[in-house]
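Beneath this line is the structure, given in structure tokens, with notes to follow.
Numbering (my numbering), first residue to last: 8 to 119.
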């Protein structure tokens, strides 16, 4: 198992413990140069999404992935954390349904 996959599976566990909903890992490596993995999760409120973003950064940093860019923390509706080979998307329910990344990236293999 590669390092990124190990890291995103660890992140899945941590997000689940923090009560994130609908956690999905999508493998994009062969489909796009953007990233190898997307991790998607839904939070119930802006404070929870901010907390999920913090724990995601801590979890992936501990596994050697450094945060390169963050967007959306102020709005709390869709937070994007770019770790290079891994991109984490944290949504509120409405934004997750509206943007529907699972449909857009429907050819990606779902890891979990």
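Backbone N, C-alpha and C fix where the C-beta goes; we use that ideal spot for every residue, glycine too. Small disclaimer: the values here were computed from a predicted structure and weren't measured.
- For residue 56, the CB contacts under 6 Å within the same chain, skipping 5 residues up- and downstream, are 50, 83, 86, 97 in chain order.
- For residue 41, the closest of 104, 77, 94, 74 by C-alpha to C-alpha distance is 94.
- According to the DSSP assignment, residue 64 belongs to the alpha helix (DSSP H) that extends over 53-69.
- Residue 73 is positioned such that its CB atom lies no closer than 8 Å to that of residue 45.
- By the Cβ neighbour-count rule, residue 110 is exposed, with fewer than 16 other Cβ atoms within 10 Å of its own.
- With respect to the C-alpha of residue 29, the residue from 35, 20, 37 having the closest C-alpha is 20.
- Around the CB of residue 114, fewer than 16 other CB atoms lie within 10 Å, so the residue is classed as exposed.
- Contact between residue 80 and residue 64 is absent: CB atoms are separated by about 11 Å, not below the 8 Å threshold.
- The alpha-carbon separation between residue 69 and residue 18 amounts to approximately 11 Å.
- For the 8 Å CB-CB criterion, residue 112 and residue 22 do not form a contact.
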